[in-house]
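Participant: Dropping a structure here in structure tokens format, bear with me for questions.
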Amino acid sequence: MKTKAILQFENVTFHYDKIILQQFYCSFTEKGIYCILGKSGCGKTTFLKLISGLLTPQHGTITHNAKKISFLFQENRLLPWLTVLDNMLTVSKDKAYCLHTLEQLDLFDIKKKLPHELSGGMLRRVALAKALVYDGDIFLLDEPFTGIDVERKQKIIPFLQKKLLDKICIVITHNIAEANALSSHLYELQKHSLIEIKNNIL
0 MKTKAILQFE NVTFHYDKII LQQFYCSFTE KGIYCILGKS GCGKTTFLKL
50 ISGLLTPQHG TITHNAKKIS FLFQENRLLP WLTVLDNMLT VSKDKAYCLH
100 TLEQLDLFDI KKKLPHELSG GMLRRVALAK ALVYDGDIFL LDEPFTGIDV
150 ERKQKIIPFL QKKLLDKICI VITHNIAEAN ALSSHLYELQ KHSLIEIKNN
200 IL
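Okay, so the sequence shown: first residue is 0 according to numbering that gives the first Met the number 0, each after it adds one.
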């Protein structure tokens, strides 16, 4: 019996001035964290935007059963006039949940600060926290660890793994060590499909 896909690309073609995906197919049938690697310009961010509906393919279909999608963009996209906590509360009204997430990402002590008062790594963690509390059915995380030091990454990864256990989460990264630590599902994005990376070596 064929397993029903949770997320699927069928015969998808997308191009700007050049073709990014051509007759592209992929299917996700199990929940979990999937790390996608690939050369710069191969279409990794475009892949996420197609899933989210921010972009529409010129040909083919993309199907999923998500009612909400949490998207962590490459840009942090925080509202500069709001505190860290108030930025969180724009996507979740559960203050206790927001505070718990900030604590897990070592941000609790800066909850009343404004974005311009924070370092790059802190801003990235706040943006990640905001994506997490939005609590989608599918999570799309584009370079989630940019600017975050190794020690903090090691603390954040187990929290992400627990939080995203029953979700589909697609993580874009250039860092093979991050991908190995976060998930056993590693793929390289190519024009026609996702290619599984054997033995976790790119």
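Glycine included, C-beta positions come from ideal geometry on N, C-alpha and C.
Output the boundary residues of the beta strand (DSSP E) element that contains Cys34.
Facilitator: Start and end: Gly31 to Leu36.
Participant: Can you confirm whether the region 161-168 touches the region 125-140 when touching is taken to mean that 3 or more C-beta pairs between the two stretches lie within less than 8 angstroms?
Facilitator: Flag = yes, the region 125-140 and the region 161-168 touch.
Participant: Determine the direct distance from the alpha carbon of Pro79 to that of Arg151, and round the result to whole angstroms.
Facilitator: Each residue's alpha carbon lies about 24 angstroms from the other.
Participant: Entirely within the region 3-64 and at least 3 residues each: give me those beta strand (DSSP E) ranges in chain order.
Facilitator: Entirely contained in the region 3-64, the beta strand (DSSP E) runs reaching 3 residues are, in chain order, 6-14, 18-27, 31-36 and 58-63.
Participant: Per DSSP, Ile169 forms a beta bridge with which residues?
Facilitator: The partner list for Ile169 (beta bridge, DSSP) reads Tyr33 and Leu139.
Participant: Assign Lys43 to one of two classes, buried (16 or more other C-beta atoms within 10 Å of its C-beta) or exposed (fewer than that).
Facilitator: The residue in question, Lys43, is buried, as its Cβ has 16 or more Cβ neighbours within 10 Å.
Participant: State the start and end residues of the unbroken beta strand (DSSP E) segment that holds His191.
Facilitator: Where His191 is concerned, there is no enclosing beta strand (DSSP E), given that its DSSP letter is neither H nor E.
Participant: If we count the other Cβ atoms within 10 Å of its Cβ and call it buried at 16 or more, is Ile200 buried or exposed?
Facilitator: For Ile200, the pLDDT reaches just 48, beneath the cut-off of 50, and the residue's location in the model is therefore unreliable, although a value from the coordinates is still provided. Label assigned to Ile200: exposed.
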